[in-house]
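Single-structure report; data block below.
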Amino acid sequence: MLKAVLFDMDGVIVDTEPLHRKAYFNMFNDVNIKVNEELYASFTGQSTINICKRLVDHFKLEDSPEYLVSLKRKHYKFLFENDDELALIDGVLERIKDYHANNVTLVVASSASMNGINQIFERFNLNQYFSAKFSGADLKKSKPHPEIFIKAAESTGFDKSECMVIEDSTNGIKAASAAGIYCVGFKSEHSTGQDYSLANTIVSSFEEVAYAKIAHQI
Numbered sequence: 013m014l015k016a017v018l019f020d021m022d023g024v025i026v027d028t029e030p031l032h033r034k035a036y037f038n039m040f041n042d043v044n045i046k047v048n049e050e051l052y053a054s055f056t057g058q059s060t061i062n063i064c065k066r067l068v069d070h071f072k073l074e075d076s077p078e079y080l081v082s083l084k085r086k087h088y089k090f091l092f093e094n095d096d097e098l099a100l101i102d103g104v105l106e107r108i109k110d111y112h113a114n115n116v117t118l119v120v121a122s123s124a125s126m127n128g129i130n131q132i133f134e135r136f137n138l139n140q141y142f143s144a145k146f147s148g149a150d151l152k153k154s155k156p157h158p159e160i161f162i163k164a165a166e167s168t169g170f171d172k173s174e175c176m177v178i179e180d181s182t183n184g185i186k187a188a189s190a191a192g193i194y195c196v197g198f199k200s201e202h203s204t205g206q207d208y209s210l211a212n213t214i215v216s217s218f219e220e221v222a223y224a225k226i227a228h229q230i
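Structure below.
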């Protein structure tokens with residue numbers, strides 16, 4: 013029986029990808045590197061610091077990963093405040109309210125920074141529905157390591173068998189699978205080039221995971 017849902021944030025709750033993409037490519041220009049689409053797609057679901065560590069290694073940069081993070085966050089902050097592309101994913105608010113009304117514990121487990129998570133939650137008034145928030149940037153290991161989902165599941169007080177993860181990225185799905193938690197692969201227009209083979213089920217709309225439909229599958 014479903015007792016808790018662990019939500020990824022980017023690509024599942026909100027479509028921040030266009031803003032993150034603009035911020036990353038502005039940062040790439042700042043440090044004069046050319047990142048192709050294949051390399052960029054491999055970053056999905058990873059924390060900013062780990063992405064920047066990879067960039068420093070890959071391009072043999074003299075700049076520190078922390079400096080790259082600061083550049084990227086500066087660009088993202090400007091875009092967050094000035095770009096009108098930011099919106100919740102279609103159907104997610106209805107589903108969050110549906111789970112909450114059925115006493116399902118909701119936790120966000122995102123690779124975004126806690127500051128980034130809080131910005132989104134305050135902008136869209138989501139704090140009222142969620143019992144906890146976990147940032148991969150605060151943990152030792154980033155997705156695809158299962159640490160974030162193990163900790164998120166533990167925070168609910170329920171057994172892993174009573175929890176469900178909703179993820180849209182290869183790395184997030186790998187993390188949920190490694191944590192031994194039922195995983196819904198959310199395949200939307202915003203998540204291209206991702207591998208859903210380890211997901212327990214794959215959906216393309218939130219209507220498919222309504223509480224009445226999914227509660228007894230867990």
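So for the sequence shown, the numbering used here puts the first residue at 13; every next one is plus one.
The C-beta atom is built at its ideal place from N, Cα and C for all residues, glycine as well.
Would you identify the three-state DSSP class for residue i, choosing helix, strand or coil?
| i | result |
| --- | --- |
| I178 | strand |
| A99 | coil |
| S123 | coil |
| V43 | coil |
| P156 | coil |
| F55 | coil |
Considering residue i, what are the terminal residues of the alpha helix (DSSP H) in which it resides?
| i | result |
| --- | --- |
| I63 | T60 to F71 |
| T204 | Premise fails: T204 is in no alpha helix (DSSP H) and is neither H nor E. |
| V104 | V104 to A113 |
| N94 | P77 to N94 |
Nearest by alpha-carbon distance to residue i: which of the options is it?
| i | options | result |
| --- | --- | --- |
| E78 | L31, D171, Q140 and A149 | A149 |
| S203 | A124, A227 and V26 | V26 |
| N38 | Q58, D69, I129 and L80 | L80 |
| E97 | K225, I162, A222 and P30 | P30 |
| K15 | S216, N183, F170 and S217 | F170 |
Mind checking which residues open and close the beta strand (DSSP E) that includes residue i?
| i | result |
| --- | --- |
| Y194 | Y194 to F198 |
| S167 | Counting along the chain, S167 falls outside any beta strand (DSSP E), though it belongs to the alpha helix (DSSP H) covering E159 to T168. |
| S147 | A144 to S147 |
Residues bridged to residue i by DSSP?
| i | result |
| --- | --- |
| D22 | V26 |
| T213 | V196 |
| V17 | L118 and M176 |
Count the C-beta pairs between the segment 190 to 210 and the segment 34 to 48 that are closer than 8 Å, then say yes if the count reaches three, no if not. no
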